[in-house]
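Student: If you scroll down you'll find the structure; I have some questions about it.
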Amino acid sequence: MGWKIDGQKPTTPHYVLVAAPHTSNWDGVYLVAMAWRLGIDIHWLGKNTLFKFPFKTVVNWLGGVAVDRSAPNGLVNAVSSRILGAEEFALAVPPEGTRKRGEFWKSGFLHIAKGANVPIVLSYLDYSKKRGGFGPTLSSDMPVDELMEEIREFYSKVLGKFPEHFTPPRLRNEDED
Numbered sequence: 453m454g455w456k457i458d459g460q461k462p463t464t465p466h467y468v469l470v471a472a473p474h475t476s477n478w479d480g481v482y483l484v485a486m487a488w489r490l491g492i493d494i495h496w497l498g499k500n501t502l503f504k505f506p507f508k509t510v511v512n513w514l515g516g517v518a519v520d521r522s523a524p525n526g527l528v529n530a531v532s533s534r535i536l537g538a539e540e541f542a543l544a545v546p547p548e549g550t551r552k553r554g555e556f557w558k559s560g561f562l563h564i565a566k567g568a569n570v571p572i573v574l575s576y577l578d579y580s581k582k583r584g585g586f587g588p589t590l591s592s593d594m595p596v597d598e599l600m601e602e603i604r605e606f607y608s609k610v611l612g613k614f615p616e617h618f619t620p621p622r623l624r625n626e627d628e629d
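To convert, take the position in the sequence shown, counting from 1, and add 452; that gives the working numbering.
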């Protein structure tokens, strides 16, 4: 593989892991491999179409949590309950929501972290350096503008597999403030 892992696994038992940049199908493979290497029981959100025969058993075993993007109501409460009901739970969420460049990040990672009252840990895969790891652990109670500024600063130095597909960290509601 040739990749290096920077840093140690987060010390908090429950957290939402921001998985960015998300520009390739390989991102999930590398993130799960990195988590396993560090002994993290990682879970991740994936579109519900991945959870059908013949892949369902494998995807669940790999920590997948199905998301029906056409009916997102109740997702925050359901996932928050799963996080808090486990001894340890790391939920990886790719806030870009897709591998193609978009206008805004999805805010689900923040709603889930707030709903479960758990911190947000930034993770990354930098394909230009073949390095992955974890950045700062941020409180989900931070003011959104401060949180997003920290996130923007962190990801400004990271290149995904296809940098032109990276959606810059910005929430839709930031423009409303």
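We put the CB at the ideal spot given by N, CA and C, even for glycine.
For clarity, every value in this text was computed on a predicted model and none was experimentally measured.
Can you have a look at PRO595 and say buried or exposed, based on whether 16 or more other CB atoms are within 10 angstroms of its CB?
Tutor: It counts as exposed.
Student: Please classify ARG551: is it buried, with 16 or more other beta-carbons within 10 angstroms of its beta-carbon, or exposed?
Tutor: When all chains shown are included, ARG551 counts as buried.
Student: If you run the structure through DSSP and keep just helix, strand and coil, what is TYR579?
Tutor: In this structure, TYR579 counts as coil in the three-state DSSP scheme.
Student: PHE618: buried (16+ other C-beta within 10 angstroms of its C-beta) or exposed?
Tutor: Burial call: buried.
Student: According to DSSP, is ILE492 part of a helix, a strand, or is it coil?
Tutor: Coil at ILE492, not helix or strand.
Student: Do you know how far the Cα of GLY498 is from the Cα of PHE507?
Tutor: Answer to the nearest angstrom: the Cα atoms are 12 Å apart.
Student: Nearest-angstrom Cα distance between ARG521 and LEU527?
Tutor: C-alpha separation (whole angstroms): 10 Å.
Student: Counting only beta-carbon atoms, is ARG624 nearer than 8 Å to chain D?
Tutor: The structure shown contains no chain D; it holds only a single protein chain.
Student: Closer than 6 Å by C-beta to ALA518: which residues in its own chain qualify, once you throw out the five before and the five after it? Chain order, please.
Tutor: Contacts found: ASN500 and PHE503.
Student: Should the segment 529–537 be called in touch with the segment 597–606, which here means at least 3 C-beta pairs below 8 Å?
Tutor: No, the segment 529–537 is not in contact with the segment 597–606.
Student: May I ask which residues mark the beginning and end of the alpha helix (DSSP H) holding ALA606?
Tutor: First, the residue type needs correcting, since residue 606 is Phe and not Ala in the sequence shown. Its alpha helix (DSSP H) spans residues 596–607.
Student: Does the separation of the CB atoms of PRO571 and ALA471 fall below 8 Å?
Tutor: Against a cut-off of 8 Å, the Cβ pair of ALA471 and PRO571 comes out as no contact.
Student: In angstroms with no decimal places, state the Cα-to-Cα distance between VAL573 and PRO588.
Tutor: Roughly 6 Å between the two C-alpha positions.
Student: Which of helix, strand or coil does DSSP assign to LEU514?
Tutor: LEU514 falls in the coil class under three-state DSSP.
Student: Which runs of the beta strand (DSSP E) at least 3 residues long sit entirely within the segment 548–578? Give them in chain order.
Tutor: The qualifying runs are 572–578.
Student: Is it buried or exposed for PRO621, if we count other Cβ within 10 angstroms and need 16 for buried?
Tutor: It counts as buried.
Student: Hey, ALA565 and VAL468 are a contact pair by Cβ (cut 8 Å); roughly how many whole angstroms apart?
Tutor: ALA565 to VAL468, Cβ: 4 Å. Contact.
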